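Comments concern the structure below.
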Amino acid sequence: MKLIKSAVAILLTLPMMALAGEVKVSWGDFDDFIDVRPASETKSAFYKRVKTSLEKSFTELGEKLPDGAVFEFRVTDLDLAGDVRYGGIREYRLVERIYFPKMKFDYQLIDGEGKILKEGSESLKDMNFLDRIRTPAQYRNDGFYYEKYMFEQWFDENIVSQFK
Numbered sequence: 010m011k012l013i014k015s016a017v018a019i020l021l022t023l024p025m026m027a028l029a030g031e032v033k034v035s036w037g038d039f040d041d042f043i044d045v046r047p048a049s050e051t052k053s054a055f056y057k058r059v060k061t062s063l064e065k066s067f068t069e070l071g072e073k074l075p076d077g078a079v080f081e082f083r084v085t086d087l088d089l090a091g092d093v094r095y096g097g098i099r100e101y102r103l104v105e106r107i108y109f110p111k112m113k114f115d116y117q118l119i120d121g122e123g124k125i126l127k128e129g130s131e132s133l134k135d136m137n138f139l140d141r142i143r144t145p146a147q148y149r150n151d152g153f154y155y156e157k158y159m160f161e162q163w164f165d166e167n168i169v170s171q172f173k
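If you want the working numbering, it's the position in the sequence shown, counting the first as 1, plus 9.
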């Protein structure tokens with residue numbers, strides 16, 4: 010009986026599931042990146058938090074791609090917004106205009122048939138990151154807002170636009 014209930018529940022929810030593409034991300038060595046320095050936590054914990062937070066955001070962008078499309082990219086450098094400073098016995102990340110976010114990556118966009126639609130290397134930077142109102146609700150209370158927003162804007166303009 011449980012099996013039948015489970016099967017019925019799955020069949021009822023299938024039409025509600027949106028078919029989408031996929032985003033696959035891999036990372037270079039965090040120790041070689043320009044600025045992925047922790048303020049007041051261990052390196053390994055901070056690296057894990059950065060990776061987990063950004064990967065979650067990147068993966069959600071796959072919903073904007075058509076079914077079967079795959080966007081694969083490798084982050085080769087990352088410079089988080091702000092700069093780590095010493096303040097008494099604690100370190101903190103000071104966010105000012107001169108410490109804007111930057112990201113470098115190599116990528117491929119592959120359609121559902123395995124054909125490479127677009128590939129290349131990108132070097133993003135957002136020198137106006139403090140001039141905009143933080144509108145996307147998904148990032149409002151989330152860490153690494155500036156980096157996520159910068160990448161999402163590039164993704165929409167350069168990748169999602171390929172399918173419109």
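Where is the CB? At the ideal position from N, CA and C, for every residue including glycine. Small disclaimer: the values here were computed from a predicted structure and weren't measured.
- prompt: For residue 173, which residues of its own chain have a beta-carbon under 7 Å away from its beta-carbon, when the five flanking residues on both sides are left out?
  reply: Cβ within range, chain order: n/a, list empty.
- prompt: Taking the continuous beta strand (DSSP E) assigned at residue 115, which residues delimit it?
  reply: 111 to 119
- prompt: Would you report the Cα separation of residue 36 and residue 116, rounded to the nearest angstrom?
  reply: 12 Å
- prompt: Rounded to a whole number of angstroms, what is the C-alpha to C-alpha distance between residue 91 and residue 33?
  reply: 27 Å
task: With DSSP collapsed to three states, give me the class of residue 21.
output: Its pLDDT being 41, under 50, residue 21 is placed unreliably in this model, and the value from its coordinates should be taken loosely. Residue state for residue 21 is assigned as helix, using DSSP reduced to three classes.
message: Checking the sheet assignment: what are the DSSP bridge partners for residue 31?
response: 79
message: Within a Cβ cutoff of 6 Å, which residues of the same chain sit near residue 113, ignoring the five residues on either side of it in sequence?
response: 85, 86, 132
field: residue 85 - DSSP class collapsed to helix/strand/coil
entry: Note: residue 85 maps to strand in three-state DSSP.
message: On the CB-based measure, 16 or more other CB atoms within 10 Å of its CB, does residue 139 come out buried or exposed?
response: exposed
- request: Report the residue from 38, 41, 79, 46 whose alpha carbon sits nearest the alpha carbon of residue 153.
  value: 46
query: Closest to residue 109 by CA distance: which of 93, 137, 129, 165 is it?
result: 137
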